[in-house]
Each structure stands twice: as structure tokens, then as C-alpha cells.
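S.K.:
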Amino acid sequence: MLFDTGSGSSGNPYAKLYDEEAGVLYPGQSNMDASVRNGFLRKVYGVLSVQLLATLAVSTLFMFTNLRDGIVASPGLQIVLGIAPLILLCPLYAYRNQHPTNLVLLGIWTLGIAVSVGMACTVYSAVVVLEALVLTAAVTTSLTLYTFHANRQGQDMGFLGPMLFSALLMLCLWGFIQIFVPIGPAWHTAYALGGAFVFSGYIIYDTNEMIRRYDVDEWVWAVVNLYLDIINLFLRLLEILQALKGRD
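Residue 1 is where the sequence shown starts when you use the UniProt record's numbering, and the numbers rise one by one after that.
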């Protein structure tokens with residue numbers, strides 16, 4: 001899986017962390033009551049937590065049961081499960097502000113991604129999956145805390161957007177070429193490392209956009225972006241750790 005939706009006072013405008021007159025918590029963010037913005041952030045991270053827990057549960061089922069065998073035995077089902085999440089992104093974006101349709105679509109889409117992740121996890125040992133899970137949690141938490149701190153200091157990470165998008169396009173092109181021209185293990189590891197760096201950057205960028213620019217009604221798309229960033233980082237770390245294990 002490799003896809004992303006990739007999205008004061010006078011004098012010194014960052015002299016105060018909280019502008020009482022503007023009612024904003026972070027310098028440079030849209031003019032919005034701080035309590036509303038904080039509620040938006042809690043909602044995004046609450047839904048994101050449910051998504052990640054659901055993905056963990058589905059992946060665990062795939063690793064310790066025979067669910068994978070049934071899917072592998074049906075090529076047609078594999079194709080459907082592979083393209084369904086991509087197709088569902090279209091109606092999910094179109095109905096992202098319409099409750100409860102957005103919740104239903106988000107749930108179905110998350111389940112589709114979770115099944116794909118579960119299938120991928122079965123290729124690796126439980127130790128490698130656990131290591132990748134811990135690393136992903138540590139990296140995601142660290143980058144999220146850093147981004148919140150940077151925004152409190154008035155730093156806008158929006159400049160990362162064009163660079164990350166260009167890097168993502170190159171990764172997609174590289175992945176497409178690999179379909180027809182297989183590369184060696186070293187290049188495959190380099191590809192995984194590049195992907196890990198790109199999606200780490202996207203965690204910073206999408207968190208920054210959520211803090212500064214997303215409207216409170218856009219919580220579904222904020223959740224989708226962060227979820228994809230974390231899942232893709234996890235998958236790339238799986239590949240890197242597996243490559244390192246192979247060298248031992």
C-alpha cells in the first residue's frame with residue numbers, strides 16, 4: 001500500500017502563544033475559538049485511535065487464525081480487497097461532511113485497509129510485527145509532539161507539502177517500475193527507507209495542517225490523512241526490519 005491524499009500582536013506576530021483578542025491557541029492558525037479547535041483535535045485523535053485499535057485487532061486475527069488462507073484461495077476477492085479502499089476514497093471525500101454517511105463510509109474504508117494490513121502482517125514473524133508496531137508508535141508520538149511544540153513557537157510546517165508530494169510521486173513511480181523490473185534486496189530496502197522518511201514527514205505536515213488550516217467540519221479528511229501516514233510508515237518499517245533480520 002502506498003498512497004496518500006496529500007493535503008497576533010503587532011511587531012512579532014509570534015510573541016504570544018495565545019492571542020486573547022483573536023481567540024486562537026496557536027500563532028497563525030485560523031481565527032477560531034480555542035475551545036472549538038481543541039474539540040476538533042480531540043475528535044480527530046479519538047476517531048484515529050479507534051481506527052488504529054480496529055486495525056490492530058484485525059491484524060491480530062489474521063496472524064493467529066486461518067483467515068488469510070480463505071482470501072488467498074480467492075484471487076477475485078484479493079483484487080476486490082486491494083482496490084476497494086482506493087475506490088471508497090472518492091465517496092468518502094464527497095460525503096465527508098454528511099453525518100452519518102461519513103461515519104459509515106469511514107468505517108468500511110478502515111476495515112478494508114485493516115484487512116490489507118492484516119494480510120501484509122502474515123508475511124512477517126510476530127517479533128518483527130511487534131517491533132514495527134512499537135517503532136511506529138514511538139515515531140508517530142514523537143513527531144506529533146514536536147509538531148504541536150513547533151506550532152506553539154509560531155513555526156508553520158506547511159512548506160513541507162510540495163517537497164513531500166514530489167517525493168511521494170517519485171516513490172510511486174519507483175514502485176511501478178519494480179513491477180516490471182525487479183530490483184535487488186538492497187534497492188528494496190532503500191525504497192522502504194525512503195518511504196519511511198516520506199511518511200514521517202507527512203505525519204508532521206498533516207498534523208500541522210490539522211492544527212492550522214482544517215475547518216472543524218473537515219475532521220473526516222484529517223483522520224484519513226493521519227491514518228494513511230501511520231499505516232504506510234508501519235508497512236515501510238516492517239520491510240526495513242525484515243531486511244535487517246535477514247542480514248543477521
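Yeah, the Cβ is synthetic: ideal placement off N, Cα and C, and Gly gets one too. Since the model is a prediction, treat every value here as computed from it, not as a measurement.
Apply the 10 Å Cβ neighbour rule to asparagine 38 and answer buried if 16 or more other Cβ atoms are within range, or exposed otherwise.
M.R.: By the neighbour-count rule (16 or more Cβ atoms within 10 Å), asparagine 38 is not buried but exposed.
S.K.: Helix, strand or coil, according to DSSP, for glutamate 239 in the structure here?
M.R.: helix
S.K.: Go ahead and pull the three-state DSSP assignment for histidine 188.
M.R.: Three-state result, histidine 188: helix.
S.K.: Helix, strand or coil: how does DSSP classify asparagine 38 here?
M.R.: In this structure, asparagine 38 counts as helix in the three-state DSSP scheme.
S.K.: Where does isoleucine 83 land, buried or exposed, given buried means 16+ other C-beta within 10 angstroms?
M.R.: exposed
S.K.: Please work out which residues of its chain come closer than 7 Å, Cβ to Cβ, to leucine 164, disregarding the five sequence neighbours upstream and downstream, and give them in chain order.
M.R.: Gly6, Val198, Gly201, Tyr202, Tyr205
S.K.: Would you report the Cα separation of alanine 114 and alanine 150, rounded to the nearest angstrom?
M.R.: Approximately 32 Å, taken between the alpha carbons.
S.K.: Assign glutamine 153 to one of three DSSP states: helix, strand, or coil.
M.R.: coil
S.K.: In terms of alpha-carbon separation, which member of Phe64, Leu77, Gly246, Val181 lies closest to threonine 189?
M.R.: Gly246
S.K.: Given that a residue counts as buried once 16 or more other Cβ atoms are within 10 Å of its Cβ, and exposed if not, what is isoleucine 231?
M.R.: buried
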